[in-house]
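Asks: If you use mature numbering (1 follows the signal peptide of the UniProt record, and there is no 0), the sequence shown corresponds to residues -18 to -1, 1 to 263, in order. Every residue gets a Cβ at the ideal spot worked out from N, C-alpha and C, and that includes glycine. Just so it is clear, the structure is predicted and the values come from calculations on it, not from any experiment. If you scroll down you'll find the structure; I have some questions about it.
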Amino acid sequence: MATFAIISALLSSNNVSAQDTPTPFDCAKISIGGNSYDISALKKTYLVKGEPKAQHPNKLRVDYSVNPCQAIAVPEGQANEHCLSGTWVCQDTKVIFGEADPKTVTLLPIAGTAPAAENVPAREVSPLVALADKIENVAEVPWNLTLKGGLISGQDQSAVITFICDTSATDYDVAPTLTGYKNGVASFSWKSKAACAVHTELPVKESMGGFSVFLTVLFSFAFVYLVLGAVYNHQVYGAKGLDLIPHRDFWRDFPSLVVDVVHHVWDSVTGRARGGGYVSV
Ligand SMILES: *[C@@H]1O[C@H](CO)[C@@H](O)[C@H](O)[C@H]1NC(C)=O
């Protein structure tokens, strides 16, 4: 069992490359340049409210709905209040008439999947992660999550969410901040504890890999040795119980043998001669 666990750990740790996330995108296992991130606590739909802007004769406000992990869930019967299904980041443009409640005029996809339509091939989110530029006074380097697939008036859309590690930001209901919308790219910044690396891989990883391989081989040999030895003892000598253990006498004496050798080496190293040769244990 130990061998199996080691082998599967080896297999799973080896096929994640530096800039890629495993497919399908898993929010709990994001890997960038040797760091792992888990933003599964943010697997929700967040509402990012925009600022009202004067637009004669009324005001417009552009809100966004964002789910960084999967498509926004549309409750039954509310399709008209949401982007089409498959959308991860939705741009919700509202018009504000005086004091009345804002009214949604368009719901357009910034990022999401969509099946092929007339003259438009199928759209994919293709989540992509990369380390971003370092920020002063932030312990960890922020990282970007890019979500694609949106299409508005023939222009490709995408969302770039910059995750900034902040160990004090533990309220996972706090929405990201919109930092801009330009040329079809909606940028967000998200300070959160969930954005901190969960496990920083050390440079010794390579040698640890080698050591695990060594242990795996050792355990496998030990297992084969025990099984074959037991079968042999049983077939040839009709052994039962503890007598099945191969070379049982040798292994029984093995610990004291090791202790003897260690004592011997210790004595030679310290230059101390022991009168009676071997020490009984
Ligand atoms: C990360 O996103 C920010 C905001 O959109 C952008 O300015 C920056 O160039 C991006 N960095 C990388 C490495 O993608």
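Would you list the one or two residues that DSSP bridges to residue 147?
Replies: Residue numbering aside, residue 147 sits at position 165 when the sequence shown is read from its first letter. 174, per the DSSP bridge assignment.
Asks: Going by CA-CA distance only, name the one from 51, 78 and 92 that's closest to residue 66.
Replies: Here residue 66 refers to the residue found at position 84 of the sequence shown. Checked all of 51, 78 and 92; the closest Cα to residue 66 is 92.
Asks: Per DSSP, which residues does residue 164 bridge with? Please list them.
Replies: Here residue 164 refers to the residue found at position 182 of the sequence shown. In the DSSP output, where bridge partners are listed per residue, residue 164 has 167.
Asks: Rounded to the nearest angstrom, what separates residue 8 and residue 146 at their Cα positions?
Replies: Counted from its first residue, the sequence shown places residue 8 at position 26. Counted from its first residue, the sequence shown places residue 146 at position 164. As the crow flies, the alpha-carbon of residue 8 is around 19 Å from that of residue 146.
Asks: Excluding sequence positions up to five away, which residues of its chain have a Cβ less than 6 Å from the Cβ of residue 132?
Replies: Within the sequence shown, numbered from 1, the residue matching residue 132 stands at position 150. Around residue 132: 91, 92, 93 and 139.
Asks: Between which two residues does the alpha helix (DSSP H) holding residue 250 run?
Replies: Sequence index remark: in the sequence shown, residue 250 carries index 268 (1-based). Here the alpha helix (DSSP H) through residue 250 covers 230 to 252.
Asks: So does residue 114 have its beta carbon nearer than 8 Å to some heavy atom of ligand 1?
Replies: Counted from its first residue, the sequence shown places residue 114 at position 132. With a cutoff of 8 Å, residue 114 counts as near ligand 1, since its C-beta is closer than that to a heavy atom of the ligand.
Asks: Got a sec: does ligand 1 put a non-hydrogen atom nearer than 8 Å to the Cβ of residue 165?
Replies: The residue labelled residue 165 in the question sits at position 183 within the sequence shown. Every heavy atom of ligand 1 is 8 Å or more from the Cβ of residue 165, so no.
Asks: Confirm the yes/no value for this check: CB of residue 67, any heavy atom of ligand 1, distance under 8 Å.
Replies: As a first step, residue 67 is located in the sequence shown; it is residue number 85 there, counting from the start. Incorrect: residue 67 has no Cβ contact closer than 8 Å to ligand 1.
Asks: I need the boundaries of the beta strand (DSSP E) containing residue 30, first residue and last residue.
Replies: Along the sequence shown, read from residue 1 onward, the residue named residue 30 stands at position 48. From DSSP, the beta strand (DSSP E) with residue 30 extends over 28 to 30.
Asks: Can you name the residues that DSSP bridges to residue 85?
Replies: Translated into positions along the sequence shown, residue 85 becomes position 103. According to DSSP, which records beta bridges pairwise, residue 85 is partnered with 77.
Asks: Does ligand 3 have even one heavy atom less than 8 Å from the beta-carbon of residue 144?
Replies: In the structure shown, ligand 3 is absent; the only ligands present are ligand 1.
Asks: Based on Cα-Cα distance, which residue from 191, 201 and 11 lies nearest to residue 23?
Replies: For the purposes of this step, residue 23 is taken as residue 41 along the sequence shown, with counting starting at 1. Of 191, 201 and 11, the residue nearest in Cα terms is 11.
Asks: Under the rule that 16 or more other beta-carbon atoms within 10 Å means buried, what is residue 144, buried or exposed?
Replies: Position 162 of the sequence shown, counted from the start, is the residue given in the question as residue 144. The residue in question, residue 144, is buried, as its Cβ has 16 or more Cβ neighbours within 10 Å.
Asks: From residue 68 to residue 97, what does the alpha carbon distance come to, in whole angstroms?
Replies: The sequence position of residue 68 within the sequence shown is 86, counting from 1. The sequence position of residue 97 within the sequence shown is 115, counting from 1. Distance between the alpha carbons of residue 68 and residue 97: 9 Å.
Asks: At the level of alpha carbons, what is the spacing between residue 80 and residue 30?
Replies: If you number the sequence shown from 1, residue 80 lands on position 98. If you number the sequence shown from 1, residue 30 lands on position 48. Residue 30 has its alpha-carbon roughly 22 Å from the corresponding atom of residue 80.
Asks: Rounded to whole angstroms, what's the CA-CA distance from residue 56 to residue 16? Just pull it up for me.
Replies: As a position in the sequence shown, residue 56 is number 74, starting the count at 1. As a position in the sequence shown, residue 16 is number 34, starting the count at 1. Those two C-alpha atoms are separated by around 35 Å.
Asks: Taking all protein chains shown into account, decide if residue 3 is buried (16 or more other Cβ within 10 angstroms of its Cβ) or exposed.
Replies: The residue labelled residue 3 in the question sits at position 21 within the sequence shown. At residue 3 the pLDDT is 44, less than 50, meaning the model places this residue with poor confidence and gives no usable figure here.
Asks: If I measure Cβ to Cβ from residue 160 and keep anything under 8 Å in the same chain, skipping five residues before and after, which residues do I get?
Replies: Here residue 160 is taken as the residue at index 178 of the sequence shown, counted from 1. Hits under 8 Å: 30, 32, 46, 168, 169 and 170.
Asks: Given the structure, does residue 159 come close to ligand 1, in the sense that its CB is under 8 Å from one of the ligand's heavy atoms?
Replies: The residue given as residue 159 occupies position 177 in the sequence shown. No, Cβ of residue 159 sits at least 8 Å from all heavy atoms of ligand 1.
Asks: Helix, strand or coil for residue 192 per DSSP?
Replies: Reading the sequence shown from its first residue, position 210 is the one you call residue 192. Note: residue 192 maps to helix in three-state DSSP.
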